[in-house]
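In my numbering, the protein residues as written are 216 to 522.
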Amino acid sequence: MKHSEVVVVGSINMDLVFAVPQLPRPGETATGAQFSSCPGGKGANQAVAAARLGVNTALVGCVGDDACGRKMLALLEQEGVDCTRVTRVPQPTGCAGIFVDNRGENCIAVADGANARVSAQTIVRAEAVIAGAKVLLVQLEIPLEAVRAALQIARAAGVITILDPAPARELDEDLLGLADYLTPNAGEASQLTGSHVHCWNTAAAAARELRAKSGGTVLVTMGKYGAFFSSPAGEVRITAPRVAAVDSTAAGDAFNGALAVALARGVEPDRAADIAVVAGALAATRAGAQPSLPTREQLAKAVALPW
C-alpha cells in the first residue's frame with residue numbers, strides 16, 4: 216500500500232454560506248444575502264488543500280450516515296483524498312454557518328455533529344496511516360483526546376507534526392509540546408498567551424512565548440498582512456502579497472495545507488512558510504472554502520515551488 220505523505224486528522228462539514236454586505240451585529244437581521252452550500256470543515260479543507268498541491272493525502276475523521284456525509288466523501292475522493300479512514304456514524308454530518316461580508320471578512324458558527332465522535336479509538340484504528348506519513352496536520356474542531364492521540368502516534372513515529380489551534384481554546388503545555396509547528400492566527404495566539412495580538416510586535420512576542428511553551432516552530436498568521444515566523448534557528452516577518460480579497464474563510468486552511476506539503480517535500484521551514492503565506496493569500500481571492508483552495512499550477516504562477 217502506498218503511504219500518504221500528508222495525513223490530516225480533523226473535521227468534515229457542510230458549509231452554508233451567506234454573502235452579506237456587512238456582518239450582522241447582535242440583534243440585527245442582514246438582508247440582501249446570497250446563499251450557497253459547499254463542502255468544508257478545517258480537516259477536509261486542509262486535506263483538499265494538500266491534495267491539490269500534488270501530494271498523496273489521507274483524511275481521518277467522521278461523517279454522518281446521511282446524504283451530506285455521502286456527498287462529502289464523494290467530493291473528497293474526487294479531489295484525490297484517501298478517505299478509507301473516515302468513519303460513518305449515526306450522528307448527522309457536521310455543519311457550519313458562514314457569513315462573509317463584501318470585504319472578505321467572515322464569522323462562523325459550527326454544529327459539530329459527527330465530528331464530536333472522532334475519538335482516541337478512531338485515531339488508533341488509523342495508526343498505520345499516521346505513522347507512515349511524512350507530515351501530520353491537526354486542528355481543534357474535533358475532541359482534544361483525538362488530537363492528542365494523533366500527535367502522540369506521529370511523534371513516536373518521527374512524523375513532522377503541525378497543530379493549527381483553531382478554533383481557539385486553552386491548551387496545556389504537554390499538548391503544545393507535541394507540535395513541531397504551531398500555526399495560530401492573531402485571535403488564537405491572543406487566547407493562548409492572554410495578550411492581545413494586533414500588530415507585528417505583539418505577534419512576535421506571542422510567537423516567542425508559544426515557542427518557549429512548545430519547543431517547536433511558531434507561525435502567527437496575521438491575515439492579509441502575512442505571518443510572523445519564529446523558530447529555534449531564527450525569526451522573520453513574512454509579508455503577504457497584495458490581493459483583491461473576496462472571502463477569507465479558507466485562507467488559513469490553504470496556508471496550513473501548503474505548509475504541510477512543503478515540509479513533506481523537504482523544503483526548509485522558512486521557505487515553506489513563504490509558500491504557505493502565498494497560498495493563503497490566493498485562497499482569499501475566491502469565494503467559498505474548498506472552491507477557493509489553489510491548485511499546484513495556480514500556486515506555481517505566484518511563487519516558485521521546489522517540488
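Built from N, CA and C at the ideal position, the CB exists for glycine as well.
Practice item. Taking the CB atoms as reference points, tell me whether Leu-352 and Ala-381 lie closer together than 8 Å. Key: Cβ distance not < 8 Å, so Leu-352 and Ala-381 don't count as in contact.
**Asked** Closest by CA to Ala-331, which one among Ala-346, Phe-443, Cys-322 and Val-304?
**Response** Among Ala-346, Phe-443, Cys-322 and Val-304, the Cα nearest to that of Ala-331 is on Val-304.
Query - Stretch pair the segment 315 to 322 + the segment 332 to 347: three plus CB contacts closer than 8 Å - result: The segment 315 to 322 is not in contact with the segment 332 to 347.
For Phe-250, is the classification buried or exposed, using 16 other Cβ atoms within 10 angstroms of its Cβ as the cut-off for buried?
Residue burial is scored here from C-beta neighbours: Phe-250 has fewer than 16 other C-beta atoms within 10 angstroms and is therefore classed as exposed.
Check: Is DSSP giving Met-437 helix, strand or coil here?
Finding: Coil.
Boundaries of the alpha helix (DSSP H) in which Asp-281 is found, first to last residue: It is not in any alpha helix (DSSP H) - Asp-281 carries neither H nor E in the DSSP assignment.
### Query
So, Leu-290 versus Val-223, is the Cβ gap smaller than 8 Å?
With contacts defined by Cβ atoms closer than 8 Å, Leu-290 and Val-223 do not form a contacting pair.
Can you tell me whether DSSP reads Asn-228 as helix, strand or coil? DSSP places Asn-228 in strand when its eight states are reduced to three.
* **Exposed unless 16 or more other CB atoms sit within 10 angstroms - verdict on Ser-252** => Classification for Ser-252: exposed.
Three-way DSSP call (helix, strand, coil) for Leu-313 in this model
For the record, residue 313 in the displayed sequence is Ile; it is not Leu. Correct three-state label for Ile-313: strand.
Taking Leu-508 and Ile-375 to be in contact with their CB atoms under 8 Å, please state how far apart those CB atoms are, rounded to whole angstroms.
Actually they are not in contact, since the Cβ atoms of Leu-508 and Ile-375 sit about 21 Å apart, beyond 8 Å.
- Task: Could you check how far apart the C-beta atoms of Ala-427 and Leu-268 are, in whole angstroms? I think they sit under 8 Å.
- Result: Contact check for Ala-427 and Leu-268: beta-carbon distance about 32 Å, past the 8 Å limit, so the pair fails to qualify.
Quiz prompt | Sequence-distant residues of the same chain with beta carbon closer than 7 Å to Val-412, five excluded per side | solution = The answer, listed in chain order, is Ala-401, Ala-404, Ser-405, Ala-418, Ala-421 and Val-435.
Give the single residue among Gly-309, Leu-425 and Gly-284 whose Cα lies nearest to the Cα of Leu-386. The shortest CA-to-CA distance from Leu-386 to any of Gly-309, Leu-425 and Gly-284 is the one to Leu-425.
Please return the same chain residues whose Cβ sits closer than 6 Å to the Cβ of Ala-265, not counting the five positions on each side in sequence. Take Ala-265, set aside five residues on each side of it, and the residues of its chain with a beta-carbon closer than 6 Å to its own are Val-221, Thr-272, Gly-472, Ala-475 and Val-476, in chain order.
Notebook entry, point to check: Ordered along the chain, which non-local residues of its own chain (more than five positions away) have a Cβ less than 6 Å from that of Gly-495?
Noted result: Sequence-distant Cβ neighbours of Gly-495 in its own chain, meaning closer than 6 Å and more than five residues away, are Ala-466, Ala-469 and Phe-470.
Can you list, in chain order, the residues of its chain whose CB lies under 8 Å from that of Gly-441, leaving out five sequence neighbours each side? These residues qualify, in order along the chain: Arg-452, Ile-453, Thr-454, Ala-455 and Val-492.
Between which residues of its own chain and Cys-298 is the CB-CB distance below 7 Å, once the five residues before and five after are set aside? Closer than 7 Å at Cβ, skipping near neighbours: Leu-274, Leu-288, Leu-291 and Glu-292.
Exercise for the section: Inspect the beta-carbon positions of Val-296 and Val-263 and report whether they are closer than 8 Å. Expected result: Taking 8 Å as the Cβ cut-off, Val-296 and Val-263 qualify as a contacting pair.
Where DSSP assigns a beta bridge to Asn-400, which residues make up the other side? DSSP lists Thr-436 as partners of Asn-400.
Exercise. What's the C-alpha gap between Ala-311 and Ile-490?
Worked result: Straight across, the Cα-Cα distance linking Ala-311 with Ile-490 is about 28 Å.
*Return the first residue and the last residue of the alpha helix (DSSP H) that Glu-388 is part of.*
Per DSSP, Glu-388 belongs to the alpha helix (DSSP H) from 388 to 391.
**Request:** Quick one: measure Cβ to Cβ for Val-344 and Ser-219, integer angstroms, because I've assumed they're closer than 8 Å.
**Result:** Contact between Val-344 and Ser-219 holds, since their C-beta atoms are separated by about 6 Å, short of 8 Å.
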